[in-house]
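By full-length UniProt numbering, the letter at position 296 of the sequence shown is numbered 296, and the numbering carries on one by one without gaps. Data block below; observations after.
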Amino acid sequence: MTSALAGDSPTSKLTSADIPWNPKVRPHKTMGDWVADIIIVVMLASIVFAIIYPLWFVIIASFSNQGMVSQGQILFLPKGINFGGYEKLFADSRIWQGYANTILYSVVGTALNMIVTLPAAFALSRREWKSRRVLLFLLTFTMFFVGGLIPNYLLFKNLGILNTMWVFILPSAVNVYNLIIARSFFETSIPDELYDAAQIDGLTYFGHFFKIVLPLSSAIIAVVGLYYFVGHWNDFFTGLVYIRDSAKYPLQNVLRDILLANQTNAQQGNVNMANAAEQQQLADQIKYGVIIVSTLPLLVLYPFLQKYFNKGVMIGAVKG
């Protein structure tokens, strides 16, 4: 590098150490740089702690002595370990039915979401379609103005999907927010020259979608798919309003029923002071256990998709 810069030009006196972007040379840091680095590290550590610690506390509280938890003796490590809350939770057969229902609704719902969203996003990304801005405006309009609960209830009733699994799937077949994210990705990440070359080779729009768009869009497919899956998994309101048969409840509603039942038992236990404290501690332990049981599958799934988020979310964040 030094020999390449040697000569009569003004840069002839430069060495590799003078080039700031040389990865082999560490830049000299002033006192201000060190102070700024320390402040940044402290801020980032604080943010990470604020995000991680609540989840860690819920985990250790779910199998710790609830008396110690309520007295503030549990901070970072579990104490008085017992799994009574989990034993009570998993002893209820409804929780397995809830898991099965939620998995069914989430898998089928996400599959339908992707089947509808991706082709629609591809069509809206094509500039030669003159009506796309009008349709996009109409779709965006529905993000801010909706019919409301009662009109939706009457609509679902007339469609005959009340108290069926389809009420979890069909009304949410497409999410406009996710549609716009996917459209922006297709529009900005795939060059038009690829479509032109494919057009010369005789591909139709279906060929463009299946042979160009889908193979090059794994990042946004993973991101949008996870958004939809998490939405279905956490869907509590639909089961609460539109489902009357408890056998069709998703996991969130089943956990709510179990939690309310144990809270009621704890309150009734106040009449008998002998077991009031024990019932209340069990109810509190179940409360923490419910959070873990409902979020654990997503926590397990997320690390496998995290690598796609760096690209997919940042590109999708630019909407228009």
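Note that CB positions come from ideal geometry on N, CA and C, so glycine has one too.
> Taking I74 as the reference, which of G84, A61, W166 and V146 has the closest Cα?
Replying inline: Per the Cα distances, A61.
>> Using the three-state DSSP reduction, which class does H232 fall into: helix, strand or coil?
In response: Correct three-state label for H232: helix.
> Alpha carbon to alpha carbon, what distance is there between H28 and A6?
Replying inline: Low local confidence applies: a pLDDT of 45 at A6 is under 50, so the model's placement there is unreliable, with the coordinate-based value given in what follows. If I take the Cα positions, the gap works out to 24 Å.
>> Three or more C-beta pairs under 8 Å: does that hold for the segment 74–86 against the segment 282–299?
In response: Touching, yes.
>> Does A121 pass the burial test, meaning 16 or more other C-beta atoms within 10 Å, or should it be called exposed?
In response: A residue is called buried once 16 or more other Cβ atoms fall within 10 Å of its Cβ, and A121 is buried on that count.
> Alpha carbon to alpha carbon, how far is I103 from L298?
Replying inline: Linking I103 to L298 through their CA atoms gives a straight-line distance of about 11 Å.
> Does the beta-carbon of N253 have 16 or more other beta-carbons within 10 angstroms, so that it is buried, or is it exposed?
Replying inline: Around the beta carbon of N253, a 10 Å sphere encloses 16 or more other beta carbons of the protein chains shown; the residue is thus reported as buried.
> First and last residue of the alpha helix (DSSP H) that includes G147?
Replying inline: DSSP places G147 outside any alpha helix (DSSP H), giving it a letter other than H or E.
> What number of angstroms, rounded off, separates the C-alpha of Y302 from the C-alpha of E128?
Replying inline: Each residue's alpha carbon lies about 37 Å from the other.
> Would you call the CB atoms of N262 and Y227 closer than 8 Å?
Replying inline: No.
> When the distance is taken between beta carbons, is G80 closer than 8 Å to S70?
Replying inline: No, they are not a contact pair.
> With burial defined as no fewer than 16 other Cβ atoms inside 10 Å of the residue's Cβ, what is the status of A182: buried or exposed?
Replying inline: By the neighbour-count criterion, in which 16 or more other beta carbons inside 10 Å mark a residue as buried, A182 falls on the buried side.
>> Measuring only the C-alpha atoms, how far is G147 from Y242?
In response: G147 and Y242 have their C-alpha atoms spaced approximately 16 Å apart.
> How many whole angstroms separate the CB atoms of S125 and E193, which I take to be in contact at a CB cut-off of 8 Å?
Replying inline: Contact between S125 and E193 fails: their C-beta atoms lie close to 15 Å from each other, not under 8 Å.
> Buried or exposed: A219, going by 16 or more other Cβ atoms within 10 Å of its Cβ?
Replying inline: If you draw a 10 Å sphere on the C-beta of A219, you find 16 or more other C-beta atoms in it, and that means buried.
>> Contact criterion: CB-CB distance below 8 Å. Does D196 meet it with respect to chain C?
In response: Looking for chain C here will not work: only one protein chain is present.
> Helix, strand or coil for I190 per DSSP?
Replying inline: DSSP places I190 in coil when its eight states are reduced to three.
> How is the alpha helix (DSSP H) around R244 delimited, first residue to last?
Replying inline: No residue range can be given for R244, since it is assigned to no alpha helix (DSSP H) and is classified by DSSP as neither H nor E.
>> What residue range does the alpha helix (DSSP H) around M114 cover?
In response: Judged by DSSP secondary structure, M114 falls within the alpha helix (DSSP H) whose first and last residues are R94 to S125.
> Residue range of the alpha helix (DSSP H) that A173 falls in?
Replying inline: For A173, there is no enclosing alpha helix (DSSP H), as DSSP marks it with neither H nor E.
> Contact check, L251 vs S294 under 8 Å by CB: the rounded distance?
Replying inline: Sure, about 6 Å apart at Cβ, within 8 Å.
> Which whole-angstrom value describes the C-beta separation of K248 and M114, a residue pair presumed to lie in contact below a C-beta threshold of 8 Å?
Replying inline: 24 Å between Cβ atoms; not a contact.
>> For A277, tell me which candidate among W34, G67 and F49 has the shortest Cα-Cα distance.
In response: For the residues W34, G67 and F49, the minimum Cα distance to A277 belongs to G67.
>> Once DSSP output is grouped into helix, strand and coil, what is the label at residue 384?
In response: Because the chain spans 1 through 320 in this model, residue 384 falls outside it and cannot be assessed.
> Could you give the distance in angstroms between the alpha-carbon of M31 and the alpha-carbon of F49?
Replying inline: Rounded to the nearest angstrom, the two C-alpha atoms are 27 Å apart.
> Cα separation between L216 and F90?
Replying inline: Answer to the nearest angstrom: the Cα atoms are 43 Å apart.
>> Once the 5 residues before and after D8 are set aside, which same chain residues still bring their CB inside 8 Å of it?
In response: Note that D8 scores 49 on pLDDT, short of 50, meaning its location in the model is unreliable; the coordinates nonetheless yield the value given after this. Within the same chain, D8 has no close Cβ partners at all.
> With a Cβ-Cβ cutoff of 8 Å, do F156 and L162 count as a contact?
Replying inline: With a cutoff of 8 Å on beta-carbon distance, F156 and L162 are scored as near each other.
> Residues in its own chain within less than 6 Å of R244 by CB, not counting five upstream and five downstream?
Replying inline: Excluding five sequence positions before and after R244, the CB atoms of its chain that fall closer than 6 Å to its own CB belong to N163, given in chain order.
>> Using only the alpha-carbon positions, how far apart do I47 and S131 sit?
In response: If I take the Cα positions, the gap works out to 45 Å.
> Would you call D235 buried or exposed, if buried means 16 or more other Cβ atoms sit within 10 Å of its Cβ?
Replying inline: Under a 10 Å Cβ-count criterion, D235 is classified as buried, with 16 or more other Cβ atoms of the shown protein chains found around its own Cβ.
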